[in-house]
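The next block holds one structure in the form of structure tokens; read it before the comments.
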Amino acid sequence: MNPTSAMPVAAPHTATANSAGRIMATVMAALAPATLFAFWLFGWPAIYLWIVTIAAALLGETLCLRLAGREVAPALLDGSAVLTGWLLALSLPPWAPWWIGAFGGLFATIIGKQVFGGLGQNLFNPAMVARVALLISFPVQMTAWVAPLPISAAAAPGLLAGLHITLGGLPPAFDDIASATLLGHVKTEMSRGLGLLHILSASRVPSASLLGARAGSLGETATWLIAAGGAALMFLRIIGWQIPAAMLAGIAVPAALFHAIDPDRYLNAGTHLLSGGAMLGAFFIATDYVTSPSTPRGRLVYGTGCGVLTYVIRTWSGYPEGVAFAVLLMNSLTPIIDSTIKPRVYGRDRTGAALEPGK
Amino acid sequence: MGLFERIFKEPRWGVHPDDRKRPAADVPLRRLPPPERIYMPLHQHVGAAPRPVVQVGQKVRKGQLLAEAQGNISAPIHSPVSGTVAGIGEITAPHASGLGFAAISVDSDFQDRWIDTDPLADPFLLSPEEITKRTAAAGVVGLGGATFPSAVKFSLGRRLAVGTLIVNGGECEPYLSSDDRIMRDYAEQVVDGARIVMHAIGAREALVGIEDNKPEAIAAMKIAAMAHPEVKIRPVPARYPMGSDKQLIQALTGKEVPADARAAEVGVLVHNVSTCAAVHKAIRLGQPLVERIVTINGGAVARPGNVFAPLGTLVDELLAFCGLKVTPSRLILGGPMMGTPLVHGRVPLVKGASGILAFDAREAAVPKTGPCIRCGACASACPMGLLPLEMASRVRAGDLDGAVDFDLSDCIACGCCAYVCPAHLPLVQYFSHAKGELAARERSRLRTESAKRLAQARLVRLEREAKEKAEAAARRKAERNAAKARAAAEQGEPA
């Protein structure tokens, strides 16, 4: 008999064709429509920023793998670094300068992921670690939003002008398209003592089109396409329904409640769900396998926590948006959730004691 | 099965691998002519090995006792061919280690002459105890792969007053179709065997669970059971591991076997369809278990199918009978999910072997492992509700107690977790390793304890002996003194 059959191999002797790389590729495919829509909405600078961020994430990954003396190619091919860079790019202001993307991408894979030991080892979502680091370090650049300017519009920067914006910053010619996001605008105006009803009826409210043509990050605009991508992932059983449903409910329920109590101080649930990173967070960020619980009930707890914390941070803290902070806070609870909320084992009750045979 | 059942009644556990049962399952059963020499291992079951009762050079007939059962849990073996006992020695065991174990080899005279059997017209006139005795004498063990002596289970079922016999026709392992074949071709034997088992354990009904990917077997069994309303044919969804006792019991009765308890304690007993047919042969025909249907399948096999073969036949001979297209890259005894890899083909067919798979290079390719991405696929696939990813991370870190806290002991090693793992981690290997380590630790703890007990007993004994010696010395001294005093008194008593 030939020698390979003498190799000791443990059962099972057959395996799924699924792989980490395939999962990541599916997630990217689900993100693609929303990303393309956002590219169209914000033009070339957004495309350049996306490329720079992903390239930086890959660079950070490569550097660390080299330093650790590990094989580079299989780790890069699993797609996790690309996905991290991609998600980070979707959470940045679309016309942010190149170094924001570069710093963020490197930070995400080096500090957010590789220092913990690489794929599967990190406690916190790398993209959100990088986003929060950027937000705290460069608050000006990270809150410099622009109103949508579709790539097909005459005023939109072309291939070269777009490169100029990404590399050299926003030229004065485009000053008038600077805009706040809806959540940011509301936060600023309310801090001046104005009521919500007054703010939203004023003339200079940032556009908040339901279709997604609004100021914000790439992943904030294409809300419906993000949700559709998320639904596709659920259908393909890549993600469960628990985290997205619980997180959106965690935002919507308190939002609806407080809005009903005082509409002059609290935004309604619909605005909350369609603004900021709510959808991107619920479907693509909080659902990150590595940093979220692995049981259905644990995921419900985790998702609810992400949602409620997002609402609390948006409403009562100094930041207009809270998805990144909420997800990171809940990431830190994941190990505890996983060791306390376990599924019921066959033949045992919830406490782990054996069932009574007489039952 | 309607959409409602599909959505709401389909089990949430398990996996659905490509079953690859056809075309092998549809090929008519073939019979292997008696090989030149068979190697009948002594130890083919759970429990103690039997003791040989034949001598080298002795003429034996087919079905003649070769070794008798020893102890409470054991089973005898019988000669699968007629001929001459050629030797009693070692042969490679059907185990991944490739270590040897004892076997009796018999040279066939190609006559296939049976012993004088005494067929029985009505087994239901026999007492359950007598049926149990005859089943034990025929060497019938669980043929689904568990190989637990069937008669021991009969006695257990009677003692615990089991009401329901579950006949396991699940055969959820991909590639295998030996149970499918026995139900298609020998449905009457299976049903009759099930009724005899019911009689032996005192059960009121028999539920035959058959996965719905075997419509021909379901149809044949329904016809065979038509005259016996107490034998109910129950199709179950095709989902691995439906053929596992605990999962099949739950699917058929809704009952859950408590942890660390036996199925009989919830009033059910599970026997495989092939076991039932073997009981039929043992009781009705008086034939001991000497042959079985085995599936020969895999990409390297030229004419895959099921073969009726004498036990003790070498795997190589079975493969040669079905033809090989290419040199197999891996040989497996059993199914691909739980089967044992064989180191070579000079290994005998044993009672528990439902299949022999010869994989070609593509089937045998071992995917590269990657890091765990905590996707949780293993947890949703686990039919026991365990968290394989958590157990694995603890086993990898050497934290066996941590793994036990995640109920490692409830793992049935079905392989679902390792099958679905996108990182292709050898999870079952981790768990088997950990269970082995724990068992070794337990043994060494028992050894230490007994050594401690012995040491303590010795101390107590030495103390007692010293005390007894001192007491004896004191007594002697006292006696001496008393004697002296008496002597003095006698002397001091002059006339």
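Those sequence lines, one after another, are chains A and B.
Letter by letter, the first sequence follows residues 494 to 852 in the numbering used here.
Letter by letter, the second sequence follows residues 1201 to 1695 in the numbering used here.
In this text, a Cβ means the ideal position worked out from N, Cα and C, and glycines have one as well.
Item, Value
"Are the C-beta of residue 1370 of chain B and some C-beta of chain A separated by less than 7 Å?", "no"
"Could you tell me whether the Cβ atoms of residue 1263 of chain B and residue 1622 of chain B are closer together than 7 Å?", "no"
"Going by beta carbon distance, what residues of the same chain come within less than 7 Å of residue 1283 of chain B, once the five residues before and after it are set aside?", "1260, 1306, 1307, 1308, 1309"
"Nearest by alpha-carbon distance to residue 1603 of chain B: which of B:1613, B:1612, B:1616, B:1589 is it?", "B:1589"
"Residue 764 of chain A: buried (16+ other C-beta within 10 angstroms of its C-beta) or exposed?", "buried"
"Within 10 angstroms of the Cβ of residue 730 of chain A, are there 16 or more other Cβ atoms? Answer buried if so, exposed if not.", "exposed"
"Between A:649, A:552, A:793, A:723, which lies nearest to residue 823 of chain A when the distance is taken from Cα to Cα?", "A:793"
"Checking 7 Å against the spacing of the C-beta atoms, do residue 1435 of chain B and residue 1418 of chain B come in under that value?", "yes"
"Quick check on residue 1228 of chain B: buried or exposed, where buried means 16 or more other Cβ atoms within 10 Å of its Cβ?", "exposed"
"Could you give the distance in angstroms between the alpha-carbon of residue 1563 of chain B and the alpha-carbon of residue 1553 of chain B?", "20 Å"
"Let's test the definition: count the other Cβ atoms within 10 Å of the Cβ of residue 1460 of chain B and tell me whether it reaches 16, buried, or not, exposed.", "exposed"
"For a minimum of 4 consecutive residues, which ranges assigned as the alpha helix (DSSP H) are wholly contained in the stretch 676 to 754 of chain A?", "689 to 694, 711 to 714, 716 to 728, 735 to 754"
"Any heavy atom of the ligand FMN closer than 6 Å to the Cβ of residue 603 of chain A?", "Although the ligand FMN was asked about, the structure shown includes no ligands whatsoever."
"May I ask you to report which of helix, strand or coil DSSP gives residue 640 of chain A?", "coil"
"Put residue 1506 of chain B into one of helix, strand or coil per three-state DSSP.", "strand"
"Looking at the structure shown, is residue 1471 of chain B part of a helix, part of a strand, or coil, going by DSSP?", "strand"
"What does DSSP give as the partner residue(s) for residue 1440 of chain B in the beta ladder?", "B:1215"
"How is residue 1350 of chain B classed by DSSP in three states: helix, strand or coil?", "helix"
"Could you check what DSSP says for residue 1292 of chain B in three-state terms: helix, strand or coil?", "strand"
"Measuring alpha carbon to alpha carbon, tell me which of A:754, A:735, A:751, A:817 ends up nearest residue 773 of chain A.", "A:817"
"Under the three-state reduction of DSSP, which class applies to residue 779 of chain A: helix, strand or coil?", "coil"
"Using the three-state DSSP reduction, which class does residue 801 of chain A fall into: helix, strand or coil?", "helix"
"Could you spell out where the beta strand (DSSP E) holding residue 1305 of chain B opens and where it closes?", "1300 to 1308"
"How about residue 682 of chain A and residue 769 of chain A: are their beta carbons less than 7 Å apart?", "no"
"Residue 555 of chain A by DSSP, collapsed to three states: which one?", "helix"
"For chain A, check one thing: does any of its Cβ atoms lie closer than 7 Å to the Cβ of residue 1206 of chain B?", "Any reading at residue 1206 of chain B is ruled out, since the residue's pLDDT is 49, under 50, leaving its predicted position unreliable."
"Who are residue 1278 of chain B's beta bridge partners in DSSP?", "B:1265"
"Buried or exposed for residue 558 of chain A, going by 16 or more other Cβ atoms inside 10 Å?", "buried"
"Sort out for me which residues DSSP pairs residue 530 of chain A with in a bridge.", "Answer by DSSP bridge pairing: none, since residue 530 of chain A is not bridged."
"Provide the residue(s) that pair with residue 1406 of chain B in DSSP beta bridges, ordered along the chain.", "B:1365, B:1431"
"Tell me the DSSP secondary structure of residue 1252 of chain B in three-state form.", "strand"
"Out of B:1322, B:1431, B:1549, point me to the one whose CA is closest to residue 1245 of chain B's CA.", "B:1549"
"Using a 10 Å radius around the Cβ and a threshold of 16 neighbouring Cβ atoms, would you call residue 1325 of chain B buried or exposed?", "exposed"
"Show which residues of chain A have a CB atom less than 9 Å away from the CB atom of residue 1211 of chain B.", "Going along chain A, no residue has its Cβ under 9 Å from residue 1211 of chain B, so there is no contact; the nearest lies around 11 Å."
"Checking 7 Å against the spacing of the C-beta atoms, do residue 650 of chain A and residue 543 of chain A come in under that value?", "no"
"Given residue 1555 of chain B, which residues of its chain have a CB within under 7 Å of its CB, disregarding the five upstream and five downstream residues?", "1375, 1376, 1378, 1494, 1495, 1497, 1534, 1535"
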